[in-house]
Every structure is written in C-alpha cells, then in structure tokens.
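Let me begin by presenting the structure, written as structure tokens, before commenting on it.
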Amino acid sequence: MAADVGGVLTPSKTTGFRLSGIYYFFRRWPVIPVFLLALVLFAGVTAPLIAPHDPNLQSLTERKQPPFWYSAKTETQIQTVVQRVLPGSAPQISLSDAQKINPAAQIGDTIEVEQVLRPGGSTKFLLGSDQLGRDILSRIIYGARISLLAAAVTLVVGGCVGVLLGLVAGWYGGLVDEAVMRFVDILLAIPLVLIALVMVATLGASLTIIVAVLTIFIWPRFARQLRGEVLQLKNMDFVSLARVAGASTPRILFVHIFPGTINTLIVVATLQVGIVILLEATLSFLGAGVPPPTATWGGMVSDGRNYLAGGFTTGSWWISTFPGIAIVLTVMSLNLFGDWLRDKLDPRLRQIE
Amino acid sequence: MVTQAATERDVVLRVNDLRTYFQTRWGTVKAVDGISFDLRRGETLGIVGESGSGKSVTMLSLMRLIPMPPGRIVSGSIMLDGEDLLQLSDGEMNRVRGSKIALIIQDPMTSLNPVFTIGNQVSEAIAIHQNIPKRSVMEQALSVLRKVNIPAAESRMRDYPHQLSGGMRQRVVGAIGISCQPQVLIADEPTTSLDVTIQAQYLALLKELQQDSNVALIFITHDFGIVAKMCDRVAVMYAGRIVEQGSVRDIFNRPSHPYTEALLASVPRMEEDVDRLYSIEGQPPTLHDLPPGCPFADRCQYVMERCREEYPTRTTISEGHDASCWRLI
Amino acid sequence: MQKYLVRRLGLAVVTIIAVSLIIFIMSRASGDPRHIMLDDYSTDEDWERMGQVLGLDKPYWQQYLIFLRDAVQGDLGQSVKEGRPVTDVILERLPATLYLGLTAFAISLLVGIPLGILSSIKRGSLIDQIGKIVAMLGQSAPPFWLGIMLIIFFAVAWEILPPYGWDDWNSIVLPAVTLGWYYAAANLRLVRSAMLDVLDSEYIKLARAKGVPYRGVVLRHAFRNALIPPLTFAGVTLGALVTGSLVVETVFAWPGLGKLAIDALFAFDYPLLQGVVIVFTLLYVLAAFSVDVLYAYIDPRIRYA
C-alpha cells in the first residue's frame, strides 16, 4: 500500500500542467546526460574535422586571448611626454609614441593615454587561447580523444580480464575462487595513483603506461561483480539442464551464464568509465599522464594554474576553467546515466558505487 | 440495563468514523474510509482482508504512525481510555505508544534492530514509560522475557538479534509488546514467516498472555484459520471499509456480505473433499478514483444495479452483527 | 570477531608487501642506482665498492630482503636531491599532510553526515536539493579543478583567503575544503540512501510503536545502522584521500608528503619517491584497518560472525 505512495504531490492543475509534464519527462529520461555524452563522443571521433584550429599550433602574439564574449579592458592614464622613458618613475610616454596618439605632442606635455589592461576576445578563439597561444576549444575537442581512448581501452581490456576471472572464480569456487578474490582484495587495497607515479618515474610517461595502470585497477571491480552474479546463476535450473545435456564448461559459461550477467556488466561499465576518466585526468594533471604537447583535459587544467593572478579582470582564468568544465560535465553525465541505467535494468544493483 | 452499562464500561477502545487518506501523484487514495468499531477488555478482535484492503493502514492509524506526508488522518476519533488519541500532541502520543497501546509487528526477522542487544530493545519501552531506576528496568525486562518463555533469558539479554532463531525473535517482539502492560495490543500478521508448529506455539502463548493480563487484542490477518482459533469478534475489511462485523460464530455461520462469503469459501477445510479451491475472481480495486457505488460490485456474483450507484448502508442482522450490502435491505 | 580481524590484518600486511615488492622491482628496473650516486670522476674501484655497500652483488631476492629489513628499521635510503636520509625528509613533511588530511576528514564528516541525515528525513526539501548539488559536484568535479576554482574566487578575485602555502591560520581552509568535498559528497550520498532504507524498516516502526520519540528514533536507532554503509565504503574513500592529497598539495603548494612525492618525481629523486610511496601506503593501510575495527564495533553481525 504505502509502497506506491511516493512523496510527490499532485501537480497543481492551474499554473501549468504542461510544465510539470516536461519536468517529469526530464526526470524520467536522462535526456541531457545522453546528449552531452553523445557530444563528447562526437567531438572525440571527429576531432580533426570539427576543431577550428590545430590544437598544437602556437601563436606567440596571441597568447592568453580571452573568450569571444570578453570586451577589451582599457584604462585612461595621464602620462608625461619625455624623450626617453625611465623605468620606475612617474607615468611617462616617449615622444614618438605620444605623437602617434597626438601629432602635436611636445616634450613636457601631459597626454591622455589608453592603456590596454587586457585585450578583448575574438571569434578566432571562441574559448580563448592558452599561454602558448593555442586554441582552447580545439584542445578540448582533441582532449576528448585521449579521455575516450583511455576509457575505451581500459574498459575493454579490464572488462575482459575481469569477466573471465569473475566467471572462473564463481564457477569453480573453492581454492580458485579464494585465490582470485584475495588477489582482487589486494589490488583494490593498493593506492593506485601512487603506483602509477612510481611506474611513470621508472618507465616514463606514455598513454600505454597510463592505460596499463588503469586496467590493473579496473578489472578487479568487474571480477568481483561478475563472481557474485555467477554464484547466483550457477544453481539455476537452466544451468543444470545444460550440464545434463552434456554442454562443456566453456559453453555453459559463455552461452548460458554470461548473457545473464550483461545487465550488470553494462551498469558497472558505465559507472567505471567516469572513474577512469577522472583518474586519467588526475594523472595528466600531475604530469604523470600522457606527456605534452598532446592535449589532455587534466594537462590543460594544469597549464592554466600559473596564470590565475589578476582574477577575472586581468587573469587568464579560462585556461584552467574550460577543460575542467568538460571533465565535470562528462563525468556527471556518466554518473547520471549510470544511475538511471542501474534503476532501469536492475534495481538490485543499488549498492554498486 | 445493568449488563448494558457493564459492557459500556468495558470498552477500552472506540474507533469512530476513522478516515486516512494519502495524497499521491494519481490523486487521493482513501486507504481507510470511515471505519468504526469497539473493543472490550480481554476481547480479541480479528481484522481480516486481502492485502491492500486497508488493514495495515488501520493499524498504523491507531498508533498514529502514518507517514505524513503523504498520509493524513482526515477525520474520526480514536477513544482510548477516555481520551481521543487524535487530539493528543506528538509528545503526549509518544507516552501513549508502547504503554497503553502496543504493537507486535509482522516479520520477526526484520522487526528487531540489528545493532542493539535484546535486553536493550526490550528494556527501551520500560525505560521510556516507567520512571524507575535502571536496575529495576533490567529486572522487569528479564521477567517479561521469562513470561514469553525465552530459555536462559538472562544470557539472551546480551545477545544480538541475529543470534536468535525466528521463533525466538518473534517471542522477543511479543515481549516488547507486553512489557508495559498495555490496554490494547495490536498484532499485525504476527506469524506469517514462521513454520506451522512454531506458529501454533506462539499463538497459544499470546492467548495465555492475554488471559493473564486481560489485554484487548487486535489481530490483523488474512488467515481465517487463525481468526477461528484466536478471535472473539471479526471485522472484514474491503477497500478501506469494514463491510461486515460480528462475533466469530455469526461470521462463520451466517456470513452476510458476499465478500465474507467468498473469503470463507476460499479457506481450505479438512473435512470437505473439494477438487478445487474457490478463489475470488478479479482484483481488489485501486483505491483512488473509486466509483460511487459498492467497491466489491465488479467481483460480486449477486451484483444489482443499485450496487453501482450508491454505497450500501449498514444493516444490523442480529445483535453485534452488521454488514453493508443492498441484498440485506 | 577475531577471525575477521586476523583476516583484515592479513590483507593489510599482504598489501604492504605487495607495494614494497612493486617498488623494489621498479627501482631495479629503473637502472643501476650507482649512475646517480657516483659522479664522473669515480673509478672502477669506487663502482665496485659502492656495489658491495649497496648489496648489488647479491641475488635479487636477498636484495629485496635487505631492502625490506632496512625499511622496517626506518632506513629508506638517501635522498638524491636533498642529500639527507629520506626518513628525515619525510618526517619533516608528515605533520603538514596529517593536518590537512584530518581537517579534510573532519569537514567531510561534519558536512556529509548531517546533510545526509537532513536530506533523508526532509526528502524533496530545499536542503535535499542543496545536498544533491553538493554530492553531484563532489562526485564529478576533479579536486584539482575544484581547488583552482576556489583559488580564483576566494583568493584572487575576492582576496579572502591565501591561495597557497602554509603561513597563516587560514591557509588550511581552501585545501581542506577541496580535499574534503569529495568525501563529504560520498558520505552524504551513502548516509542518505542508508537512512532512507533504515527509516523504512520494520524495526524503526517497532521502535516508534514503543513510544520512542521521532528524534530518538533518528539519532539512536537509525543513525547507527545508517553508519554501516559509509563505513564499508570508507576503505575505498581512504584511497582517494591519498590520491587527493597528492593533487591538493600540488595545487595549493602545501608543504606535505603529496607535494614531496610530485617534486621527487620531477627531480628524478627515486629513493625519496619510493620512500614517500611506502609511507603513504602504510598510512593508508593503517587507516583502512582502523575502519575495519570500527566497523566490527558498530555492526554486531560482524563482531560475532
């Protein structure tokens, strides 16, 4: 009785039944997360086609350009016209410069000069440029490739290893199970990023190393979940029937049991992608990820760290901010989509984090 | 006249026109819609009905434990010992709960808190309601546990729920119910998850405890077998209303509402040789947007035109036996 | 209880051994340490003598045992960059990391648990909505980015708090909030969902029926049960605390072990890096083990299993 009585009150009939309908639609279907994820996927796959600039093209004259909506910030200063500007003295301007503004300027005059504190943005760099004059939007688009590549390889390799060992551990039980699960426990108990640092210090930073470390970290999670699933499925009648019919063990595992675990797999995978992307970004930020100049979201955030001084008036806050927003939106979408899938496919899985 | 006055005085609980509604996305659900009954000292009343008939909501309403929102007790009165529970403040109600009116919950496996000891949980109600030193609280808890026949009660006090068997836990829940000598004890399907022998033992124990303390017992169940064994009177609930109530004898011998009849027909009997158990066709109605007439009309074999237009009035069949059905008029 | 604790202790020991083994293998794979320790003017004899001093002439398994024995005795070698024993450098930096970590931990508890409880008992209310946003941001925003955003707003634009270093009493605020946010989010989510499950349970109904006031039910009966899932999860979050301190100390130039590790990485100071990694692992395993003990204390089903 009480179960179907949610805390949700009847939508008010007057002010907008239609509005509440839209609200429920967005609550029920993860439209925004799916759209954002599709966008990231699209950006990653078609990066060379859609990026407005070469992500590694430097332009020393166009460093730290603000995003397009920024207007230039100037300040009018009264300066004295002198022959040669001496550093450290009162605001002065050389005669030749002064005559560019006002041809009639003479030495000893005072003159109003427009000081450019910060240049305005332009549509050339929609989200601004970084400390080397590279286009941030293009680098974000290319950065999606690294995140997606790392996530995809890690999940495929880690997923396969995890599924295989999970199936075997669950099916055979006993010593095999004990061995695999203790190994899983140990791997999950090791602080991964530290090991990654040690490996990078020894073997050098590269995408391969990063993916290898992430895979080692990810497969135990698949194995643990799969094993639990197999333990439940292996006592079911259809498995016994297959056994009686003389099916081989691999056949039972892959044809009869594995399909029953696919829902779980999808949910675990979705939630793990977010974790992998965050870890890759963290390693890149620490300088232990894919080495520069390759554009990575974490690396870009790190690039902007030294150019914050001046804040919103004269600082180059956009260098760090936008790649970070890309990470947040991607991971948030993955989490929301994962939660939705979990509720949809299998409410039993609520404890998976 | 004298006997009449005596029975009046014996009434410990009088429920009058109780209505509990829930606000949901789909509209107002009238889970309990105007029920009235009396309960006398030492008497056992069975409330019978299918799941969703409103018997559990009735029980929660009596304890004033309806989740609010979405639930709300819309109207009615619950007179216990001369005061209306619905008029009490939350603090006053806390003092009544567990001391004057107590509850024994359905499932012994989940109704004890896993992180507290048995002694802790049994003594809690005593400590709350009786202003006595801690030592005597423990002594009283121990004596209550002995009363429900827990072996080695002293050492059991220090155990945690997961260390006890299901039957044992059920006894502990029973002990909590009687720990403050309540006037009314509500047992909500107390035996569904136990096996038959343990169930029989537990029912016998409850009966014995009731005779000792003269407590009034409300038995909420869907099992007519238990009703026959335990109860003096029965109220049959359907779609939030009491459709028939009377003494056990009246109900079993002269069921007057078609729903009661159907319920009784679906109880298996040892002495009869039936090929197939009778079952009631159709589903109980969903409780929002009920049509104006009798909610049982769609499943009733005697349905008349009038049944769909107007809810039947309550008709007295004999003393203490009444039902709401147009056939009786 | 004992069986459980022995098992957890066993896991802790094996974890430390596994990490030390990885570090040992990596250190040997990184090349001959004599290349860093000896300069260009050393002779072949120096080379040989150094090899004997370091035990490089022995088989690998003996070298590992020596490495392990030295580590247990607190000898983690010499820092190349600083020219002092690694242990000394680490001990100097340890207080800063502990201070930061514990403050962040306190923030996560003081924010996450009350918010989790409030949002579970006032479902759909404003505080529940705020809680949802805090949790969502905490689980999606990487700490390094969150830290930079906090610096931009609080240190650069509004100039309320210092952007980096550990000079003032208020230097701790930004790093601790950055580090604590993730846990606060995790605690909030876990406490909320656990509370919702518990408040819906039969034993809460029974406790209410006994006459326990609502506040007592929430604080006494529900809270303790609702702590179990966050505790189970604490083992995982503690790992993120270590990772987090690497990141947060780098962002805020906090003079702790995390920054030391990153500095060592870029200075190619291998002994220092491996020393920090070992100490971090020890801290982590120790914390995880204390959580296991606490867990057993709170949940009697574990204690008597």
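Top line first, the protein sequences correspond to chains A, B and C. My numbering puts the first sequence at residues 4 to 356. My numbering puts the second sequence at residues 33 to 361. My numbering puts the third sequence at residues 211 to 515. Virtual Cβ for every residue (Gly too), placed ideally from N, Cα, C.
Closer than 8 Å at the beta carbon, the chain C residues around residue i
i: residue 344 of chain B; result: Correct list: empty, because the minimum Cβ distance to chain C is about 34 Å.
i: residue 97 of chain B; result: 415, 418, 419
i: residue 290 of chain A; result: 472, 475, 476
i: residue 201 of chain A; result: 232, 233, 236, 483, 484, 487
Chain C contact residues for residue i, given Cβ-Cβ distances below 9 Å
i: residue 129 of chain B; result: 418, 419, 420, 421, 422
Burial state of residue i, where buried means 16 or more other Cβ atoms lie within 10 Å
i: residue 494 of chain C; result: buried
i: residue 100 of chain B; result: exposed
i: residue 16 of chain A; result: Below a pLDDT of 50, predicted positions are generally treated as unreliable, and residue 16 of chain A, at 33, falls in that range; no measurement from the model is reported.
i: residue 239 of chain A; result: exposed
i: residue 355 of chain B; result: buried
i: residue 249 of chain A; result: exposed
i: residue 243 of chain A; result: exposed
i: residue 142 of chain A; result: buried
i: residue 415 of chain C; result: buried
i: residue 163 of chain A; result: exposed
i: residue 300 of chain A; result: buried
i: residue 506 of chain C; result: buried
i: residue 89 of chain A; result: exposed
i: residue 48 of chain A; result: exposed
i: residue 166 of chain B; result: exposed
i: residue 130 of chain B; result: buried
i: residue 12 of chain A; result: The pLDDT assigned to residue 12 of chain A is 30, lower than 50, so where the model puts this residue is not dependable; a value taken from the coordinates is nonetheless given after this. Its Cβ having fewer than 16 others within 10 Å, residue 12 of chain A is exposed.
i: residue 453 of chain C; result: buried
i: residue 502 of chain C; result: buried
i: residue 251 of chain C; result: exposed
i: residue 110 of chain A; result: exposed
i: residue 339 of chain C; result: exposed
Amino acids of chain B, ordered along the chain, whose beta-carbon sits closer than 8 Å to that of residue i
i: residue 412 of chain C; result: 137, 138, 139, 142, 143
i: residue 440 of chain C; result: Those do not exist, as residue 440 of chain C stays about 14 Å from chain B at its closest Cβ, beyond 8 Å.
CB-CB length for residue i against residue j, believed under 8 Å
i: residue 112 of chain B; j: residue 216 of chain B; result: 7 Å
i: residue 46 of chain B; j: residue 70 of chain B; result: 5 Å
i: residue 53 of chain A; j: residue 325 of chain A; result: About 16 Å separates the two Cβ atoms, so there is no contact after all.
i: residue 330 of chain C; j: residue 406 of chain C; result: 5 Å
i: residue 375 of chain C; j: residue 381 of chain C; result: 6 Å
i: residue 425 of chain C; j: residue 147 of chain B; result: With 8 Å as the limit, residue 425 of chain C and residue 147 of chain B do not qualify as a contact, their Cβ atoms being about 18 Å apart.
i: residue 260 of chain A; j: residue 289 of chain A; result: Going by Cβ atoms, the distance from residue 260 of chain A to residue 289 of chain A rounds to 41 Å, so no, they are not a contact pair.
i: residue 415 of chain A; j: residue 112 of chain A; result: Absent from the structure is residue 415 of chain A, since the part of chain A shown begins at 4 and ends at 356.
Partners in chain A for residue i, counting only beta-carbon separations shorter than 7 Å
i: residue 350 of chain C; result: 331, 334, 335, 338
i: residue 395 of chain C; result: Here the premise fails: no neighbours, minimum Cβ distance about 11 Å.
Residue i: contacting residues in chain B (beta-carbon distance under 9 Å)
i: residue 323 of chain C; result: None at all; the shortest Cβ gap to chain B is about 17 Å.
Contact set between residue i and chain C, taken where Cβ atoms lie within less than 7 Å
i: residue 320 of chain A; result: 362
i: residue 228 of chain B; result: Within 7 Å Cβ-Cβ: nothing; residue 228 of chain B doesn't reach chain C, min ~22 Å.
i: residue 126 of chain B; result: 421, 423
Amino acids of chain B, ordered along the chain, whose beta-carbon sits closer than 7 Å to that of residue i
i: residue 331 of chain C; result: The premise fails here: residue 331 of chain C is roughly 11 Å from chain B at the closest Cβ pair, so nothing lies under 7 Å.
Proximal residues of chain F, C-beta to C-beta of residue i below 8 Å
i: residue 134 of chain B; result: Among the protein chains of the structure shown, namely A, B and C, there is no chain F.
Amino acids of chain A, ordered along the chain, whose beta-carbon sits closer than 9 Å to that of residue i
i: residue 490 of chain C; result: 194, 197
i: residue 224 of chain C; result: 185, 188, 189, 192
Residue i beta carbon near the ligand NAD (any heavy atom closer than 7 Å)
i: residue 489 of chain C; result: This structure lacks the ligand NAD; in fact it carries no ligand of any kind.
Under 8 Å by beta carbon: chain A residues contacting residue i
i: residue 370 of chain C; result: By Cβ distance, chain A contributes nothing, its closest Cβ being about 12 Å from residue 370 of chain C, past 8 Å.
Against chain C, which members of the stretch 193-209 of chain B pass a CB distance test of less than 8 Å? Residues 194, 195, 205, 208.
Would you call the stretch 232-250 of chain B and the stretch 76-83 of chain B in contact, with 3 or more CB pairs under 8 Å? Enough Cβ pairs lie closer than 8 Å, so yes.
Report the residues of the stretch 154-165 of chain B with a CB closer than 9 Å to any CB of chain C, ordered along the chain. Of all residues in the stretch 154-165 of chain B, 156, 157, 160, 161 have a Cβ within less than 9 Å of some Cβ in chain C.
Residues of the stretch 176-197 of chain A with Cβ closer than 9 Å to any Cβ of chain C, in chain order: In summary, the residues of the stretch 176-197 of chain A whose CB is separated from some CB of chain C by less than 9 Å are 185, 188, 189, 190, 191, 192, 193, 194, 195, 196, 197, in the order they occur in the chain.
Is there contact between the stretch 272-287 of chain A and the stretch 210-217 of chain A, where contact requires at least three CB pairs shorter than 8 Å? Touching, per the Cβ criterion.
Check whether the stretch 251-271 of chain B and the stretch 44-51 of chain B are in contact - that is, three or more C-beta pairs closer than 8 Å. At 8 Å Cβ cutoff, the stretches do not touch.
Does the pairing of the stretch 309-329 of chain A with the stretch 60-77 of chain A give three or more beta-carbon distances under 8 Å? When C-beta atoms of the stretch 309-329 of chain A are compared with those of the stretch 60-77 of chain A, three or more pairs fall below 8 Å, so the two segments count as touching.
Spell out a yes or no on whether the stretch 283-291 of chain A and the stretch 320-328 of chain C are touching, meaning 3 or more CB-CB pairs, one atom from each, closer than 8 Å. In this structure the stretch 283-291 of chain A does not lie against the stretch 320-328 of chain C, because fewer than three pairs of beta carbons, one per stretch, are closer than 8 Å.
Contact the stretch 101-109 of chain B vs the stretch 175-184 of chain B: 3+ CB pairs below 8 Å: With the rule of 3 Cβ pairs closer than 8 Å, the stretch 101-109 of chain B does not count as touching the stretch 175-184 of chain B.
Looking at chain C, which residues of the stretch 210-223 of chain A have a Cβ within less than 7 Å of any of its Cβ atoms? Only those residues of the stretch 210-223 of chain A whose C-beta falls short of 7 Å from the nearest C-beta of chain C would be listed, and there are none.
Given 8 Å, three or more beta-carbon pairs between the stretch 275-291 of chain C and the stretch 482-498 of chain C: Judged by Cβ distances under 8 Å, the stretch 275-291 of chain C makes contact with the stretch 482-498 of chain C, as three or more pairs qualify.
Contact between the stretch 386-405 of chain C and the stretch 314-322 of chain C (3+ Cβ pairs under 8 Å): Contact between the stretch 386-405 of chain C and the stretch 314-322 of chain C is established, with three or more Cβ pairs separated by less than 8 Å.
Of the residues that make up the stretch 251-285 of chain A, which ones have a beta carbon closer than 7 Å to any beta carbon in chain C? Taken in chain order, the members of the stretch 251-285 of chain A whose beta-carbon sits within less than 7 Å of a beta-carbon on chain C are 281, 284, 285.
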